[in-house]
Amino acid sequence: QNSDVQFGLGVMALYAKDTEAAIKHFDKAIVLDPLYIHAHFNRATAYQEQANVKCLVESLINVINLSHVDSELAAQAQEKLDGISASFNKNSGISLDQFIEAQTNFETGFEFMEKHEFHHAIPYYKKAISINPDPPQSYGNLGICYACLGEKETALSYIDKAVEIDPSYQLEATNRLLIE
6 QNSDVQFGLG VMALYAKDTE AAIKHFDKAI VLDPLYIHAH FNRATAYQEQ ANVKCLVESL
66 INVINLSHVD SELAAQAQEK LDGISASFNK NSGISLDQFI EAQTNFETGF EFMEKHEFHH
126 AIPYYKKAIS INPDPPQSYG NLGICYACLG EKETALSYID KAVEIDPSYQ LEATNRLLIE
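Here the sequence shown is numbered in our numbering, starting from 6 and rising by one per residue.
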């Protein structure tokens, strides 16, 4: 395996808008050469295309930490990270770190949901909401958890809150049918 080949395949996949394949190739390039700063940077670009903020930020931080390899690219990564951080502060009133913490809690809750461990998922969704109350998905998933635990009224109240936040919340009808 050659890191340059994997990087090239990642770039081609990125141009083809196949971000999943691009990330896999960039990851392989990084495994083969952890100092491959351009692979880290392009992986960040792929995550940006996916709107995966948590992984985007992690990739940008990796680039910044490799500033001894390419200070210009690290400066570009820092500028991008600063812009993302400013955008979060302005648009949602929370810091980028808070967003990532909320997202991590959401993902942990989702992992418990997938294992049907609903009572374990609930505190993670509640923590995510306490940090970032804007995404309706946390409320919707709480509704499903409570429904699966037989708490119909609580479940419906969380579904209603998801719709209150985002009237176009598409999973509301499906979730409501599951609960009722």
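Backbone N, C-alpha and C fix where the C-beta goes; we use that ideal spot for every residue, glycine too.
Residue span of the alpha helix (DSSP H) that contains residue i, given as start and end
i       : result
Ala-167 : 157–170
Gly-114 : 101–119
Asn-47  : 42–54
Leu-86  : 76–97
Leu-71  : Per DSSP, Leu-71 belongs to no alpha helix (DSSP H) and is neither H nor E.
Lys-33  : 24–37
Pro-141 : 141–153
Ala-21  : Run containing Ala-21: none; DSSP gives neither H nor E here.
Tyr-129 : 123–136
Inter-residue CB distance, residue i and residue j (contact presumed, cutoff 8 Å)
i       : j       : result
Ala-49  : Ser-64  : 4 Å
Ile-184 : Ala-160 : 5 Å
His-125 : Phe-117 : 4 Å
Gln-6   : Leu-40  : Going by Cβ atoms, the distance from Gln-6 to Leu-40 rounds to 16 Å, so no, they are not a contact pair.
Pro-141 : Asp-171 : 4 Å
Ser-8   : Ala-34  : 4 Å
Ile-42  : Val-74  : 5 Å
Ala-56  : Thr-24  : Wrong, their Cβ atoms sit about 10 Å apart, outside the cutoff.
Buried/exposed call for residue i, threshold 16 Cβ in 10 Å
i       : result
Leu-61  : buried
Gly-13  : exposed
Leu-86  : buried
Ser-143 : buried
Tyr-20  : exposed
Proximity of residue i and residue j at Cβ, strictly below 9 Å
i       : j       : result
Lys-131 : Leu-147 : yes
Ile-134 : Ala-152 : no
Val-58  : Leu-101 : yes
Own chain, CB closer than 6 Å to residue i, minus 5 neighbours either side, in chain order
i       : result
Glu-122 : none
Cβ neighbours of residue i in the same chain (closer than 7 Å, five flanking residues each side left out)
i       : result
Ala-18  : Ala-26, Ala-27 and His-30
Ser-72  : Ala-79
Val-16  : Asn-47
Lys-157 : Ile-184
Asn-94  : Ser-100
Lys-120 : none
Own chain residues within Cβ distance below 8 Å of residue i, not counting five before or after
i       : result
Asn-110 : Tyr-129, Tyr-130, Lys-132, Ala-133 and Ile-136
Short CB-CB distance (under 9 Å) between residue i and chain D
i      : result
Glu-63 : Note that chain D does not occur in the displayed structure, where there is just one protein chain.
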